[in-house]
Amino acid sequence: MKRENILLGHGSGGKLSHDLIDKLFMKYFDNEILASQGDSSILEVGSQTLSFTTDSFVVSPIFFPNGNIGNLAIAGTVNDLAVSGAKPLYLSAGFILEEGFSLSELEIIVKTMAEDAKKAGVKIVTGDTKVVERGHADKIFINTSGIGILAENRKGISSGEDIRVGDKIIINGAVGDHGMAVMAARNELKINSEIKSDCAPLNGLIDVAFEVTDKIKFMRDATRGGLSSVLTELFERKSFGVEIMEEAVPVHDNVSGMCELLGFDPFQVANEGKVVMVVDADAAEDVVAAMQKHKYGKEAAIIGEITGTHAGKGWIITSIGGKRVIDMLSGEQLPRIC
Amino acid sequence: MKYSSEYRNKEKVKILVEKIKSVSSKPITIMEVCGGHTMSIQKYGIPSLLPENINLISGPGCPVCVTDRKYIDQSIAYARLDDVILTTYGDLIRVPGSSSSLENERAKGHDIRIVYSVLDAIKIAEENPEKKIIFLGIGFETTTPSSAVGIITAKQKGLDNFYVYSAHKIMPPAMSALIDEDVKIDAYLGPGHVTAISGISIFDFIPEKYGLGVVISGFEPVDILGAILLLVEQYEKGKPAVDIHYKRMVKPEGNIVAQQTVNKVFELRDDWWRGLGVLPESGLAIRKEFSKYDAEKVFEVEVEPTKKDGACICGTVLKGVAKPFECKLFGKACTPMDPVGPCMVSSEGACHAYYKYQSLN
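Residue numbers (the numbering used here), protein chains in the order written: chain A, 1 to 338; chain B, 339 to 699.
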């Protein structure tokens, strides 16, 4: 079917989003830096290497269990920088506000952003505000961009060029919390749940991992599209495959229960504080042990490994011992999750 | 979750698989009638565990998949009416009609809303008295009671702006049609949720008339493998029967209240099934007494001519005659992102399940 309009699925982070990027944005914006399509772009400026990224936040509702849109605006951009291997330094903040939006709610959000920026060790150094007529936006949309410094020996992390067969795949905790927390916070489902968003800046945790080893070969934060999307990006068009042990992937009981109720796959549900790492097999257990001591890595686990068979594909060994492929989310799952 | 983990127990699965292997000597083709089973079988990679002589095929139990394209076209025509809010379960939103889909129509600005229950649609009707709310009633025995409750609730509340467009169907006619058409099936994995409503007597004719076993199964791997074991045992002994392997959910008589509610609002009519054509007394129309809630009776719309299926073999897949990957469109021209046929759209559709999980067989 020929598409004439933007669908909600184009913003899902799944296949439709990738299609839009490949067929429209890349077609016109194409350049060698953008073509790498990492979470951050790697820029050589003088003798420095910088990571640069941008992200917009349109979550609904703007307040949800364990966070608000302001937490996302900081964590989202800090994490995109941190997973490129960079030390995040400076952020911009752009606000699109709807006429009539509560000033006190805005203050809560701005205060949250200031606190989180401080925690993450970044400064908000430039900003912009626009207001649109009532009904032309939904309360508040935020854009943040960020810059960080990338050490020479971490340049390969974005592309994963050093990944080898036998490397282990690590995640810092349970998947699906953020997506289900936001979903539950939406009144239409009338679900009371204890699920809390996992929203968190991850640069501190990532620093801890690097203190253990420099053999971290790839990192991505698993946001929209969830763990599955990150894994798909990891193995697609590669000369290696990925094998994941379903049982090894932490999922909280209340999240898997709610996913079951709604027909979602927790592996495809959004997170805002989860990083997937590919680490040399020798160092993997030490990295997990170190992460488990950090507040954002208590449930860290090795969930799978890089395999020499089925190149370009990802397999899950299911909880009952069966085998199936890993698939990326297609179309709309939960619009406006971040 | 603690409750369901018992039915996902790896050790139990292992024991069942070993038993199936030891009992099964003859080749057997088992059709899972229900789309929920297809999804579960693929999700857990069950085919990768079974011996080669056991062939699982997917059946017509995905309501979205068996529904006529004309139903989508007519729904789109309703959605284009100025004063209509169309409400639907999420599964239908991306199903291609002849030239558009509800998703595309929504992007063009027509008021189409996903609801999780018919009562959400009732609420929308109460909140928007100046609008006409049409609910797309689709599904088998499992979802028909809620559509019936919707209509009864609308009547009780005195709502005169709520309508149902029924595509409801019942399962047994399709199960006999498949055998009548000589589709090679040796046994049926029976639908758990359908039977929880309807009771098991609706399947009695299958062993009696056709000599095939039906074992009603739940949706967890231990349920499904246990039901497969029973079917294999029946088949090896040559003693087909209707049996329940989902007793925690299914009572032999079903849910009498739900049955009565459905009978009050709906009556049988001949209906068209993708892949099977018109099956007598297989669909459910809204009874005359409730015609003021029947979208088909109330709204006159011009519906575009229905486009034919083309290269899509959904119909053959629904009959279990072809596996999804035997379609030349599968995974190429037809993906969940850009589906050609409904079997690729619905989360219960065989093509979607195979595309998503591709369990190693």
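We put the CB at the ideal spot given by N, CA and C, even for glycine.
Boundaries (first-last residue) of the beta strand (DSSP E) holding residue i
i	result
GLY537 (chain B)	No beta strand (DSSP E) holds GLY537 (chain B); DSSP gives it neither H nor E.
GLU370 (chain B)	366 to 372
LEU34 (chain A)	No beta strand (DSSP E) holds LEU34 (chain A); DSSP gives it neither H nor E.
ASN393 (chain B)	392 to 399
VAL275 (chain A)	275 to 279
LEU430 (chain B)	First-last for LEU430 (chain B): undefined, no H or E at that position.
ALA525 (chain B)	525 to 529
GLN268 (chain A)	Per DSSP, GLN268 (chain A) belongs to no beta strand (DSSP E) and is neither H nor E.
Same chain only: Cβ atoms within 8 angstroms of residue i, ignoring 5 sequence neighbours per side
i	result
GLY374 (chain B)	GLY399, PRO529, GLY530, HIS531, PHE557 and GLU686
GLU443 (chain B)	ILE414, ALA417, ARG418 and ILE450
VAL351 (chain B)	LEU387, PRO559, VAL560 and LEU563
GLN572 (chain B)	ALA525, GLY551, VAL553, PRO578, ALA579 and ASP581
ASN271 (chain A)	VAL175, GLY176, ASP177, HIS178, GLY179, ASP198, ASP221, ALA222, THR223, GLY226 and LEU227
SER363 (chain B)	ASN391 and GLU574
SER439 (chain B)	ILE410, ILE414, ILE431, ARG432 and VAL433
Residues of its chain near residue i, where Cβ-Cβ distance is below 6 angstroms and the 5 sequence neighbours each way are ignored
i	result
VAL552 (chain B)	TYR526, GLY528, PHE541, ILE544 and VAL580
GLY679 (chain B)	CYS650 and CYS652
LEU97 (chain A)	VAL131 and ILE140
ALA515 (chain B)	LEU614 and LEU617
ILE326 (chain A)	SER228, LEU231, GLY314 and ILE316
ASP429 (chain B)	VAL402 and SER684
LEU698 (chain B)	Note that LEU698 (chain B) has pLDDT 47, beneath the 50 cutoff, so the model's placement of it is unreliable and the number below is only indicative. Hits under 6 angstroms: SER386.
Proximity test, Cβ basis, 9 angstroms: residue i and chain B
i	result
GLU349 (chain A)	Outside the displayed span of chain A (1 to 338) sits residue 349 (chain A), for which this structure offers no information.
LYS168 (chain A)	no
ASN5 (chain A)	yes
ILE320 (chain A)	yes
ARG324 (chain A)	yes
ASP327 (chain A)	yes
GLY263 (chain A)	yes
ILE316 (chain A)	yes
GLY9 (chain A)	yes
ASP19 (chain A)	yes
LEU16 (chain A)	yes
Residues near residue i by beta carbon distance below 7 angstroms, same chain, minus five either side
i	result
GLU370 (chain B)	THR376, ILE379, LEU394, SER396, GLY397 and LEU527
PRO65 (chain A)	ALA181, ALA185, ILE195, LYS196 and SER197
VAL251 (chain A)	ALA174, VAL175, GLY176 and PRO266
ASP282 (chain A)	none
Min CB distance residue i to chain A below 9 angstroms
i	result
ASN347 (chain B)	yes
ALA492 (chain B)	no
SER396 (chain B)	no
ALA512 (chain B)	no
GLU441 (chain B)	yes
GLN380 (chain B)	yes
GLU570 (chain B)	The question names Glu, but residue 570 (chain B) is Val in the sequence shown. Not one chain A Cβ lies under 9 angstroms of VAL570 (chain B).
PRO662 (chain B)	no
THR673 (chain B)	yes
VAL532 (chain B)	no
GLY383 (chain B)	yes
Exposed unless 16 or more other CB atoms sit within 10 angstroms - verdict on residue i
i	result
ILE33 (chain A)	exposed
THR112 (chain A)	buried
LEU7 (chain A)	buried
PHE267 (chain A)	buried
GLY148 (chain A)	buried
ASP632 (chain B)	buried
LEU261 (chain A)	exposed
ALA35 (chain A)	exposed
MET339 (chain B)	With a pLDDT of only 46 at MET339 (chain B), under the threshold of 50, the placement of this residue in the model should not be trusted; the figure read from the coordinates follows. MET339 (chain B) is exposed by the Cβ-count criterion.
ARG237 (chain A)	exposed
SER343 (chain B)	exposed
N- and C-terminal bounds of the alpha helix (DSSP H) containing residue i
i	result
PRO677 (chain B)	PRO677 (chain B) -> no alpha helix (DSSP H), and no H or E assigned at all.
ASP19 (chain A)	15 to 20
PHE101 (chain A)	Counting along the chain, PHE101 (chain A) falls outside any alpha helix (DSSP H), and DSSP gives it neither H nor E.
HIS294 (chain A)	It is not in any alpha helix (DSSP H) - HIS294 (chain A) carries neither H nor E in the DSSP assignment.
VAL636 (chain B)	633 to 636
HIS178 (chain A)	177 to 185
Heavy atom of the ligand HEM within 8 angstroms of residue i beta-carbon
i	result
LEU424 (chain B)	As far as ligands go, the structure on display features none, and thus does not contain the ligand HEM.
| Stretch pair the segment 635 to 649 of chain B + the segment 402 to 412 of chain B: three plus CB contacts closer than 8 angstroms | yes
| said: I'd like to know if the segment 570 to 587 of chain B and the segment 623 to 632 of chain B are in contact, where contact means that at least 3 CB-CB pairs between them fall below 8 angstroms. | reply: no
| query | Touching or not, the segment 6 to 26 of chain A and the segment 119 to 135 of chain A, by the rule of three or more beta carbon pairs under 8 angstroms? | reply | no
| request: Would you be able to state if there are at least three C-beta pairs under 8 angstroms between the segment 292 to 310 of chain A and the segment 199 to 208 of chain A? | output: yes
| Three or more C-beta pairs closer than 8 angstroms, one from the segment 505 to 519 of chain B and one from the segment 453 to 464 of chain B: is that the case here? | no
| message | Count Cβ pairs between the segment 494 to 501 of chain B and the segment 353 to 361 of chain B that sit closer than 8 angstroms; are there 3 or more? | response | no
| Does the segment 480 to 488 of chain B touch the segment 593 to 610 of chain B, meaning 3 or more C-beta pairs lie closer than 8 angstroms? | yes
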